[in-house]
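Notes to accompany the following structure.
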Amino acid sequence: MVVEVAVPLEFLEPLGSVEVGKSVFVTSAKRQINNLHDMELMQRAVQSSPDTALHSLVVTASPLYENVSYSLAGLLNAPLNTEDVDIGPCALLRQAKATQPFRTSHQRYSERFSAPPPPDQSTLTNTVSVIPLAFVTPDELSAAQSKLDSAALEEYEKKFVTEFKRRCEEVALKNEEAAFRVLEKRPTVSKEALLTERVAYSIPVALPSEAQIAKVKSRKMTAVEPSQRARKTALKASVVEQKEKLNASKWLSQVGLSLEQENKEENEYIDTIQKQLIYSGVK
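All residue numbers in the sequence shown are consecutive under the UniProt record's numbering, ending with 283.
Rendered as structure tokens:
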């Protein structure tokens with residue numbers, strides 16, 4: 001007697017060789033689920049999966065090939081109402097990313113022509129193909145190459161940093177030597193040199209002679225003509241007269257305001273005295 005029990009996929013022990021995000025191969029491409037009815041059921045199962053990372057995936061009928069490395073996007077239990085009841089757990093496969101670095105030209109050529117060309121990477125962000133997990137095997141070669149590439153990249157970074165530091169130290173030493181040689185070529189500083197520098201910077205231009213001063217004074221006196229001098233004098237007198245008128249009007253207005261303020265204060269003072277006298281007489 002055989003008893004079949006459905007167990008949720010998350011209750012099973014994890015497969016060490018098949019993990020989400022790792023590269024895998026398809027052993028039998030003809031077992032791909034490309035039936036329209038089954039694809040609709042798998043899409044509903046993806047949308048209702050407890051793993052929220054799978055909700056953005058779209059199940060398509062993109063053909064799978066046996067000689068192409070794919071990336072495992074997730075694992076999912078097939079619904080029980082599919083045409084093939086014994087499908088079991090299914091793998092959601094998407095096109096693998098671009099080839100890792102540190103590949104030779106021969107390897108790139110063989111990987112390019114060993115299988116049909118992969119689709120455009122821009123359309124592969126959310127599209128996946130479905131195949132039973134039994135027909136998926138880990139890509140151990142790609143995993144080993146990735147490890148080798150990571151180790152080679154780390155070693156290259158270490159060598160690059162070491163060489164960069166060494167070159168920087170060499171350049172710094174060369175600059176220091178060049179600066180020291182320039183300083184050596186400069187003449188020694190003496191008291192005479194300091195005195196000449198001080199005199200040169202304190203009196204940069206020669207002082208004018210008496211003849212030059214007299215020439216400048218005579219030029220300034222003859223430059224102004226009588227007509228221009230009279231015009232300037234009249235203009236200055238008009239400006240002074242306008243200023244005086246303006247100041248006089250301002251002074252009169254200020255005097256009037258001060259008188260009004262004094263009268264107001266005197267009236268208030270008289271009113272206050274009268275009120276006090278009346279209040280004292282009433283008592």
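Where is the CB? At the ideal position from N, CA and C, for every residue including glycine.
Handout entry: Backbone CA spacing between LEU141 and TYR70 [nearest angstrom]
Key = Looking at the two C-alpha atoms, the distance is approximately 13 Å.
Handout entry: Pair within 8 Å by beta-carbon distance, LEU57 and VAL128
Key = yes
Practice task
Could I get the ranges of all uninterrupted alpha helix (DSSP H) runs contained in the region 26 to 55, with 4 residues as the minimum, in chain order?
Solution key: DSSP runs (the alpha helix (DSSP H)) wholly in the region 26 to 55: 36 to 47.
Handout entry: Spatial distance of PRO132 from GLN95 (CA atoms)
Key = Each residue's CA atom was taken as its position, placing PRO132 and GLN95 some 17 Å apart.
Problem - Alpha carbon of VAL216 to alpha carbon of GLU210, nearest angstrom - result: 10 Å
Exercise for the section: Going by CA-CA distance only, name the one from ALA29, LYS147 and GLY256 that's closest to VAL130. Expected result: ALA29
Handout entry: Identity of the residue in ASP38, GLY88 and PHE135 nearest VAL26 by Cα
Key = Shortest Cα-Cα distance from VAL26 to any of ASP38, GLY88 and PHE135 involves PHE135.
Practice task
Spell out a yes or no on whether the region 34 to 51 and the region 59 to 69 are touching, meaning 3 or more CB-CB pairs, one atom from each, closer than 8 Å.
Solution key: yes
Exercise for the section: Report the partner residues of THR127 according to the DSSP bridge assignment. Expected result: VAL58
Handout entry: Local conformation of ALA78 per DSSP, three classes
Key = The answer is coil: DSSP assigns ALA78 none of H, G, I, E or B.
Practice task
Figure out for me which residue from LEU76, SER280 and GLU40 has the closest Cα to the Cα of THR52.
Solution key: LEU76
Handout entry: For TYR70, the residue or residues it bridges with in DSSP
Key = VAL24 and GLN95
Handout entry: Between the CA atoms of PRO187 and ALA193 - distance to the nearest angstrom
Key = Cα to Cα, ALA193 sits roughly 10 Å from PRO187.
Practice task
With a threshold of 16 other CB atoms inside 10 Å of the CB of GLU270, please say whether the residue is buried or exposed.
Solution key: Rather than Glu, the amino acid found at residue 270 in this sequence is Ile. Classification for ILE270: exposed.
Problem - For GLY88 and VAL73, believed in contact at Cβ under 8 Å, the rounded distance - result: Reading off the sequence shown, one finds Ala at residue 73, where the question assumed Val. Taking C-beta atoms under 8 Å as the contact rule, ALA73 and GLY88 fail to qualify, at a distance of about 18 Å.
Problem - VAL136 - containing beta strand (DSSP E), residue span - result: 136 to 138 is the extent of the beta strand (DSSP E) around VAL136.
Handout entry: DSSP bridge partner residues for PRO187 (one or two, in chain order)
Key = Beta-bridge pairing links PRO187 to no other residue.
Handout entry: For CYS90, the residue or residues it bridges with in DSSP
Key = LEU76 and PRO132
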